Amino acid sequence: MSVLLGPNQAEGLRRLVENSSSRTRIITVTSGKGGVGKSNFALNLAITLANLKDKNNYSHPKKVILMDADLGLANINILIGLIPKSNLYHVLKGQKKLNEIIIPTNYGVDLIAGASGLSQLANLSKEERLSIISSILELSYADFLVIDTGAGVSSNVTHFATIAHETIIITTPEPTAITDAYGIIKSISLDHSIQPSVLKLVVNRAHSQSEAEKVAGKLISISKQFLNVNLEPLGYIPDSPLIPTAVRKQIPFCVLQPSSAPTQSMEQITRKLLNIAPSDQQNAPGWKKFLDYLIGND
Ligand SMILES: Nc1ncnc2c1ncn2[C@@H]1O[C@H](COP(=O)(O)OP(=O)(O)OP(=O)(O)O)[C@@H](O)[C@H]1O
Ligand SMILES: [Mg+2]
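Here is the structure:
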């Protein structure tokens, strides 16, 4: 039985997911500790997914919706300098339908804005949660739906993880972030009653490749040993002054500096997520060695 939801709610959710005919691949981004870089990651992942080129440099534009589901402190619209007229608040209050509040951005991604500053909405009632989730499953025009969530088990994270095909856990190398990442992995993985989401890991703000390797290796091994969870490493993003600069300029970092190290990391992570062969440059020994190390291909 679900440890997070009551039996009726879990059953309701499972039925919703099973009956959905949506072809949209749902990717939830979450973390245990707050402030580890989820929103910046989710935004830049969505943009990279929408604009990814293949090995031969051909574009295959994809339809991507980015949903800011951090209902207490939503801020993706601020990261791109947009002031949306309506947001999830209006959906939760029954004033709008989810598909009516989707707005285009300048970056080839559509946005569903969260309800900022309305902390009373951070924990939804059962009915509100089911209603939002069933609307999400109706968003079938998109190839990808990237959901940015709040941090921690007390938020709605685990519920959004239940409908995602995959959940990307973000951690930084800080011991507190690693411990909290393990906590959220545990909560999601114990929720057996729902379709299991594949859990993937990104180490953000790494100061070196070896630091990222150590953090990922540790989390992968304790998740396997104590939870029997196969946590799949997607890669790491370096700690870089580009990210706070991009936040201040309200331009996504991958747009602000397309050839920077964080942007290249973002592309490598996106390719790994989609199982697309890396470009020749990304086959560079350092990156390949890192992935081999993590998946045990020594
Ligand atoms: N790779 C990085 N290098 C340097 N700074 C970073 C990096 N990633 C994120 N940051 C900084 O960390 C701060 C938090 O980032 P962000 O808002 O994306 O985190 P979050 O996990 O979404 O936070 P919250 O839990 O509050 O929603 C921002 O000021 C951002 O500039
Ligand atoms: Mg955030």
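Residues 1269 to 1566 in our numbering are what the sequence shown lists, from first letter to last.
Here a beta-carbon is modelled for each residue, glycine too, at the ideal position from N, C-alpha and C.
This structure is a prediction, so every number in the text was calculated from the model and none was measured.
Kindly indicate which three-state DSSP category D1416 falls into: helix, strand or coil?
strand
Where do the ends of the alpha helix (DSSP H) carrying I1401 lie?
K1394 to L1405
So the candidates are I1346, V1359, L1341 and S1408; which of them puts its Cα closest to the Cα of I1333?
S1408
Per DSSP, what kind of secondary structure is A1410 in: helix, strand or coil?
coil
T1292 to K1486, Cα distance in whole Å?
32 Å
To the nearest angstrom, how far is the alpha carbon of I1452 from that of S1403?
25 Å
Would you call the stretch 1440–1452 and the stretch 1366–1381 touching, i.e. three or more CB-CB distances under 8 Å?
no
Would you kindly report the start and end of the unbroken alpha helix (DSSP H) that includes I1346?
I1344 to L1347
Note down the Cα distance separating G1420 from H1358, rounded to an integer number of angstroms.
25 Å
Any 3 or more C-beta pairs closer than 8 Å across the stretch 1525–1535 and the stretch 1311–1318
yes
Heavy atom of ligand 1 less than 7 Å from the Cβ of L1341, yes or no?
yes
Classification of N1459 by the beta-carbon crowding that lies within 10 angstroms, buried from 16 upward
Position check: residue 1459 holds Asp in this sequence, whereas Asn was assumed. Per the 10 Å Cβ criterion, buried.
Measure the Cβ-Cβ separation of G1349 and N1472 and say whether it is below 8 Å.
no
What residue ranges within the stretch 1442–1487 form continuous alpha helix (DSSP H) runs of no fewer than 4 residues, ordered along the chain?
1443–1458
If we ignore side chains and look at the alpha-carbon of each, how far apart do L1413 and E1406 end up?
11 Å
Counting only runs that start and end within the stretch 1289–1338, where is the beta strand (DSSP E) found for 3 or more residues in a row?
1293–1298 and 1332–1336
Which one of I1488, L1469, Y1504 and I1438 has the shortest CA to CA distance from S1478?
Y1504
When every heavy atom of ligand 2 is checked, does at least one fall within less than 7 Å of the C-beta of K1306?
yes
Assuming contact is defined by CB atoms lying nearer than 8 Å, are I1519 and I1295 in contact in what I supplied?
no
C-beta atoms of P1573 and I1544 nearer than 8 Å
A question about residue 1573 goes unanswered here, because the residues of the chain that appear run from 1269 up to 1566.
Could you give the first and the last residue of the continuous beta strand (DSSP E) run that contains T1439?
E1434 to T1439
Would DSSP call P1512 helix, strand or coil?
helix
Looking at L1541 and L1495, is the spacing between their C-beta atoms short of 8 Å?
no
Cβ-heavy atom distance, D1448 to ligand 1, below 7 Å
no
Who are the near neighbours of H1475 in its chain, counting only those whose CB is closer than 8 Å to its CB and skipping five residues on each side?
P1441, P1506 and D1507
Give me the Cα-Cα distance between C1522 and G1362, rounded to the nearest whole angstrom.
35 Å
For I1351, count neighbouring Cβ atoms within 10 angstroms of its own Cβ and tell me buried if that reaches 16, exposed if not.
exposed
Return the CA-CA distance between K1323 and L1392, expressed in angstroms with no decimal places.
43 Å
Following a CB-centred definition, is N1472 positioned closer than 7 Å to any heavy atom of ligand 1?
yes
Straight-line gap, S1461 to I1415 (C-alpha atoms, nearest Å)
Residue placement at S1461 cannot be trusted, given a pLDDT of 48 that sits under 50; the coordinates are not used to answer.
DSSP on I1370, reduced to helix/strand/coil?
strand
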